[in-house]
Structures are given as structure tokens and as C-alpha cells.
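Trainee: Below is the structure I would like to discuss, written out as C-alpha cells.
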Amino acid sequence: MTPLARVQERFSTQIIETHSFRGDETAVIRPEALRPVAQFLKEAPELDFNFLMDLSAVDYLFFAGGRIQKPARFEVVYHFFSLKFNHRLRLKVPVDEKAPEVDSLCALWASANWYEREVWDMFGIKFKGHPNLKRILMYEEFQGHALRKDYPFNKRQPLIGPQY
Amino acid sequence: MSALNSPTGFITSSFKHALGWARKFSIFQYPFVTACCGMEYMATNCAHYDQDRFGAGFPRFSPRQSDVLFVVGTISQKMAPVLKTVYDQMCEPKWVVAFGVCTCTGGFYDNYATVMGIDTIIPVDIYIPGCPPRPENVLDGLIKLQEKIQRGEQSRTLYDPHTKTGRPVELQGGYTIEGHIKHIEAKS
Numbered sequence: 068m069t070p071l072a073r074v075q076e077r078f079s080t081q082i083i084e085t086h087s088f089r090g091d092e093t094a095v096i097r098p099e100a101l102r103p104v105a106q107f108l109k110e111a112p113e114l115d116f117n118f119l120m121d122l123s124a125v126d127y128l129f130f131a132g133g134r135i136q137k138p139a140r141f142e143v144v145y146h147f148f149s150l151k152f153n154h155r156l157r158l159k160v161p162v163d164e165k166a167p168e169v170d171s172l173c174a175l176w177a178s179a180n181w182y183e184r185e186v187w188d189m190f191g192i193k194f195k196g197h198p199n200l201k202r203i204l205m206y207e208e209f210q211g212h213a214l215r216k217d218y219p220f221n222k223r224q225p226l227i228g229p230q231y
Numbered sequence: 004m005s006a007l008n009s010p011t012g013f014i015t016s017s018f019k020h021a022l023g024w025a026r027k028f029s030i031f032q033y034p035f036v037t038a039c040c041g042m043e044y045m046a047t048n049c050a051h052y053d054q055d056r057f058g059a060g061f062p063r064f065s066p067r068q069s070d071v072l073f074v075v076g077t078i079s080q081k082m083a084p085v086l087k088t089v090y091d092q093m094c095e096p097k098w099v100v101a102f103g104v105c106t107c108t109g110g111f112y113d114n115y116a117t118v119m120g121i122d123t124i125i126p127v128d129i130y131i132p133g134c135p136p137r138p139e140n141v142l143d144g145l146i147k148l149q150e151k152i153q154r155g156e157q158s159r160t161l162y163d164p165h166t167k168t169g170r171p172v173e174l175q176g177g178y179t180i181e182g183h184i185k186h187i188e189a190k191s
């Protein structure tokens, strides 16, 4: 049984959609189910996802030139890997524009700490329960979140020197 | 050296010449290395190209002991105040080399994070373009810098992105090479 099938079996009501392509499996889940699903992925002995490989986000504002409307503006994307079983799973969590917040996974995978800070820095998505949620790449004086699609591409915020 | 022909200007003009000659062959550089250009900088410094042939082979890791600031690699907005502090800590006379296109103009980084040329922050004497510049290119820039040091010149202008021209920068401490020469002239 693949990890995706196992998650589907256990959390059938929490999954919005799934996708599988040549062994590359994705599950889009409800935001409130993130913490229990993640805990299950890590602690179930037949899954044993002990490695959070990547955590990122996508801003779907103006996606495909505005032709495709997503239900939520952001998606937070998690890539899990099991060193023991050599299998992978991708989780996606839709995040609303008005209250961009999801649960933190710092308590389960320590590597989530800096990833979540980066997502906060670049996209302005908050992580509930994060021990130290502050900017990691940009400086504290920076206004806004640089990788949001409505951040002006030519906007500069120099700390010193002329403003341009 | 034209002043050599006049009997009154002989000592001071020769002194200026000797001062420039001594300075240009004893460049104590501060390598401010932030990015991939650093590899090319190291290649220039190593035996094959051997920057030490030009008297510039001794990097100092304190700006207070350095004459030339080598800014090697992309400068981000977050790093810019650090670069300015390092520049301010250097004693006069001092020169700045912008090594690679990122330091010259921002290069292909035209985004929220990158400074569009360090000459918006500190005055730059020599621009060495290239991504990264070849060691030959670096040595060419170094020789041009030596010629500039020999002439007793320093850049005193910053680039203004609004007017797209240079604007003069205020001196700190009031030291200039010209002032130094005048001081010696007054004493002799």
C-alpha cells in the first residue's frame, strides 16, 4: 500500500483531492487536518516519514494569467521523505488570503523551523505554534512580503543610500 | 612630472611621484568577498596569476590596516550597511574596487534584495566587469588602479540613480592626497 493510499484510508474526509504521477504522490488536505496528518505520517510505523525535505508556498494570485481560479490564494507545500522505506509524499494545504495561518510543524520536524520562517518572510503566512516566527532572509525593516505576486517587482527598500 | 623642469617644484613633485610609486606597489587589500566572484579572486591571488607580482598579494582581514577595498560579489540590501561600515573604518587614503558586474551595477539581479551597484553607497575607483571577470581582467583592473594611485587620484563621487549622474560625497576626517601634498609643500 502506497503512503498516499494509507493516508486516504485513514483521513478520507479530510482530503480535498489527490494526485499521482509515476509514483510521485500528492494529497491536498484541509488546513485543520494538517497537524494530525503530519503526526500520522511521522509516527505510523509503516510510513515513518522521518525527513521533512522541503516546505514552501505558492501564491496563486494571477495564476495562469487569471484564467484559473483557485479556491484559496496560497498553498503551503510539504515534501516528506522516509529514509527507511525510501518513499515520498507531498502534502498541500490551501491557505486563505484573509487569515493566512497554518499550524507549525516545528514540534515534529526541527527542520520546519527555518522553512516556516522563510515562508513567513517571503509570503506572509503565519505558523501557529512556531517558537520564533521572524524574518530569516530579509531585514526587519523590510515592508511587505517579497514573493507575493502583488509585491511590485521594481520596488526597492534600501537600508542606506538613495531610495530608488 | 612636468613640474620637474621648474626648479621650485622639484622636491614636492618628486615626493608626490615617489609617494605614489610606493603606494601602488604596496597595496594592502581588504577582500570583501560575498559570492561566486570570490573563486576568481582566489584564482587571481594564487600562483598561476599571482597578484603578488603587482605588490597586492597581502590581504588584510582588518579594514583598519587596508588601503584598497575589494568588493567581490553581490551586495544585498541587508549587507549594504556592513559594507558601508567597513569602508568607513578604513584609513585614508583608500580606494575601492568593484569586482564583477553585481558590484558594478547589480548585474542580472534586478530584484528586491540586491543593491544596484555599490557606487550608490560608497565611491568606487575601479570597475572590473565580468560575471565573473577572468583573472586577466582583474589584473588589468589592478594595473589601472595602480596608475590611478600613482597619479594620486581617488574617487569622490557616488552614483545617483535618480539623476543617473555622479554626485560628490563628503569626506570624512578631511584627509585628501592633495591636502597631504600641500601640507608637505608648506613645510618644505
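Here the protein sequences come in this chain order: A and B. For the first sequence, this note's numbering begins at 68 and goes up steadily by one. For the second sequence, this note's numbering begins at 4 and goes up steadily by one. From the three backbone atoms N, C-alpha and C, an ideal C-beta is built for every residue, glycine too. Every value quoted in this text rests on a predicted model; they were computed, and no experiment measured them.
Please report the Cβ distance between Met120/A and Phe148/A, rounded to the nearest whole angstrom; I am assuming they are in contact, meaning their Cβ atoms lie under 8 angstroms.
Mentor: Locating residue 120/A in the first sequence gives position 53, counting from the first residue. Locating residue 148/A in the first sequence gives position 81, counting from the first residue. Rounded, the Cβ-Cβ distance is 5 angstroms, consistent with contact.
Trainee: Could you list the residues in the segment 114–132 of chain B with a C-beta less than 8 angstroms from some C-beta on chain A, going in chain order?
Mentor: Result list: Asn114, Tyr115, Ala116, Val118, Met119, Thr123, Ile124.
Trainee: Report the rounded CA-to-CA distance for Ala70/A versus Arg140/A, giving the unit in angstroms.
Mentor: On the first sequence, residue 70/A is found 3 positions in, with the first residue counted as 1. On the first sequence, residue 140/A is found 73 positions in, with the first residue counted as 1. A small correction: the amino acid at residue 70/A is Pro; Ala does not occupy that position in the sequence shown. Each residue's alpha carbon lies about 27 angstroms from the other.
Trainee: Give me the subset of the segment 147–168 of chain B whose CB atoms are less than 9 angstroms from a CB atom of chain A, sorted by chain position.
Mentor: Taking 9 angstroms as the Cβ-Cβ cut-off against chain A, the residues of the segment 147–168 of chain B that qualify are Leu161, Tyr162, Asp163, Pro164, His165.
Trainee: Might you give, ordered along the chain, the residues of its own chain that have their beta carbon closer than 7 angstroms to the beta carbon of Gln157/B, omitting 5 neighbours on each side?
Mentor: Mapped onto the second sequence, residue 157/B falls at position 154. Within the same chain, Gln157/B has close Cβ partners Pro96, Trp98, Asp128, Ile180.
Trainee: My output table needs one value for Trp176/A: the three-state DSSP class, helix, strand or coil.
Mentor: Taking the first sequence and counting its residues from 1, the one referred to as residue 176/A is at position 109. Correct three-state label for Trp176/A: coil.
Trainee: Quick check on Gln68/B: buried or exposed, where buried means 16 or more other Cβ atoms within 10 Å of its Cβ?
Mentor: Looking up residue 68/B in the second sequence gives position 65. When all chains shown are included, Gln68/B counts as exposed.
Trainee: Any contact of the segment 43–50 of chain B with the segment 78–97 of chain B, i.e. 3+ C-beta pairs under 8 angstroms?
Mentor: With a cut-off of 8 angstroms, the segment 78–97 of chain B and the segment 43–50 of chain B do not count as touching, because too few Cβ pairs lie within range.
Trainee: Using a C-beta cutoff of 8 angstroms, does Pro171/B count as contacting chain A?
Mentor: Here the question's residue 171/B lines up with position 168 in the second sequence. No - not a single Cβ of chain A is within 8 angstroms of the one on Pro171/B.
Trainee: In angstroms with no decimal places, state the Cα-to-Cα distance between Cys49/B and Lys81/B.
Mentor: What you label residue 49/B is simply residue 46 of the second sequence in a count that begins at 1. What you label residue 81/B is simply residue 78 of the second sequence in a count that begins at 1. Roughly 31 angstroms between the two C-alpha positions.
Trainee: Counting only beta-carbon atoms, is Leu226/A nearer than 8 angstroms to chain C?
Mentor: No chain C is part of this structure, whose protein chains are labelled A and B.
Trainee: Please classify Arg184/A: is it buried, with 16 or more other beta-carbons within 10 angstroms of its beta-carbon, or exposed?
Mentor: Numbered from its first residue, the first sequence carries residue 184/A at position 117. By the 10 Å Cβ count, Arg184/A comes out buried.
Trainee: By Cβ distance, which residues of its chain are closer than 8 angstroms to Lys159/A, with the 5 residues on each side in sequence left out?
Mentor: Against the first sequence, residue 159/A aligns to sequence position 92. If we look at Lys159/A and ignore the five residues flanking it on each side, its Cβ neighbours are Thr93, Ala94, Val95, Ile96, Glu142, Val143, Val144, Tyr145.
Trainee: Note down, in chain order, all residues in the segment 81–94 of chain B with a beta-carbon under 7 angstroms from any beta-carbon belonging to chain A.
Mentor: Against chain A - using a Cβ distance shorter than 7 angstroms - the residues of the segment 81–94 of chain B are Lys81, Ala83, Pro84, Lys87.
Trainee: Given this structure, state the Cα-to-Cα distance separating Val71/B from Lys201/A, to the nearest angstrom.
Mentor: Position 68 of the second sequence, counted from the first residue, corresponds to residue 71/B. Position 134 of the first sequence, counted from the first residue, corresponds to residue 201/A. Distance between the alpha carbons of Val71/B and Lys201/A: 37 angstroms.
Trainee: For the alpha helix (DSSP H) containing Met42/B, name the first residue and the last one.
Mentor: Walking along the second sequence from the start, residue 42/B turns up at place 39. Note, Met42/B: alpha helix (DSSP H), 40–48.
Trainee: Is the beta carbon of Leu156/A closer than 8 angstroms to that of Phe116/A?
Mentor: In the first sequence, the residue the question calls residue 116/A occupies position 49. In the first sequence, the residue the question calls residue 156/A occupies position 89. Yes, they are a contact pair.
Trainee: Run through DSSP, which three-state label would Ser17/B get?
Mentor: Your numbering for residue 17/B matches position 14 in the second sequence. In this structure, Ser17/B counts as helix in the three-state DSSP scheme.
Trainee: Which of helix, strand or coil does DSSP assign to Lys159/A?
Mentor: Along the first sequence, read from residue 1 onward, the residue named residue 159/A stands at position 92. Reduced to three states, the DSSP call for Lys159/A is strand.
Trainee: If you run the structure through DSSP and keep just helix, strand and coil, what is His86/A?
Mentor: Reading the first sequence from its first residue, position 19 is the one you call residue 86/A. Of the three classes helix, strand and coil, the one that applies to His86/A here is strand, per DSSP.
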